[in-house]
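To keep things clear, I will list the structure first and then write my remarks on it.
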Amino acid sequence: MVRKAKLKDANQIKDIINFYVPQGLLLPRSLNNIYENIRDFFVYEENNRILGVVSLHIYWEDLGEIKSLAVLPEYQSKGIGKKLIKACLKEGKELGLKKVFALTYVPNFFEKLGFKVVDKSMFPQKVWTECIYCVKFNECKEVPVVYFLG
């Protein structure tokens, strides 16, 4: 089941995200960063174990970003990622966002959910507030995708 994250989930969230860091699929998140942003996170839980995580970060009055989507390897291709994304889109709509974007290495996954591939120049807030400090800034191969909420 998908639910909003709680403080007690922080260590599991960190472990799931950081599992994908060595492969270069996600950027590392510190425990401190997860606590500071815990309200952004959703988790997918079964039998008291978190199997997947995602966050919806608000950038502006009309713009949010889906970040840190990660599902444990043995639970992938079971619809967990899709459920997590749908939870973000539902919350984004409830908050009044007009569009939600993500930077991803798997644009096909997002396109199946109704996202469109776009140019990074569409998101200057992201580029100049976070991307500029990323170690991959000059060699970023992530693909920007956007979902228009209404």
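Under this note's numbering, think of the first position of the sequence shown as 4, with each following residue one higher. Glycine included, every Cβ here is placed at the ideal spot set by N, Cα and C. What you are looking at is a predicted structure, and each value in this text was computed from that prediction instead of being measured.
Delimiting residues of the alpha helix (DSSP H) encompassing residue i
{"i": "F151", "result": "Run containing F151: none in the alpha helix (DSSP H); it sits in the beta strand (DSSP E), V146 to F151."}
{"i": "F112", "result": "P110 to E114"}
Extent of the continuous beta strand (DSSP E) run through residue i
{"i": "F45", "result": "F44 to E49"}
{"i": "L5", "result": "The sequence given here has Val at residue 5, not Leu. Note, V5: beta strand (DSSP E), V5 to K7."}
{"i": "V121", "result": "It is not in any beta strand (DSSP E) - V121 carries neither H nor E in the DSSP assignment."}
{"i": "L106", "result": "K102 to T107"}
Which listed residue (the options) has its alpha carbon closest to that of residue i
{"i": "K123", "options": "Y108, V148, G99 and G117", "result": "V148"}
{"i": "F113", "options": "D12, I88 and A8", "result": "I88"}
{"i": "L152", "options": "K102, L116, Y108 and P110", "result": "K102"}
{"i": "K11", "options": "I69, V24 and V46", "result": "V46"}
{"i": "K17", "options": "Y78, V5, F44 and M4", "result": "F44"}
{"i": "L100", "options": "I20, D65 and V121", "result": "D65"}
{"i": "I61", "options": "L98, Y78, S80 and K81", "result": "L98"}
{"i": "V5", "options": "I83, Y23, Y108 and V24", "result": "I83"}
{"i": "Y1", "options": "I19, Q26, W63 and G27", "result": "A question about residue 1 goes unanswered here, because the residues of the chain that appear run from 4 up to 153."}
{"i": "Y108", "options": "A8, K7, Q26 and W63", "result": "Q26"}
Sub-8 Å separation of residue i and residue j beta-carbons
{"i": "L106", "j": "E145", "result": "yes"}
{"i": "E68", "j": "F104", "result": "yes"}
{"i": "L34", "j": "N14", "result": "yes"}
{"i": "K96", "j": "L116", "result": "no"}
{"i": "R32", "j": "N21", "result": "yes"}
{"i": "P110", "j": "V121", "result": "no"}
Just list the alpha helix (DSSP H) runs in the region 9 to 93, keeping only unbroken ones of 4 residues or longer that don't cross its boundaries, in chain order.
13 to 22 and 34 to 39
Can we say the region 29 to 40 touches the region 85 to 104, given the rule of at least three CB pairs closer than 8 Å?
no
Between the region 73 to 87 and the region 55 to 63, are three or more C-beta pairs nearer than 8 Å?
yes
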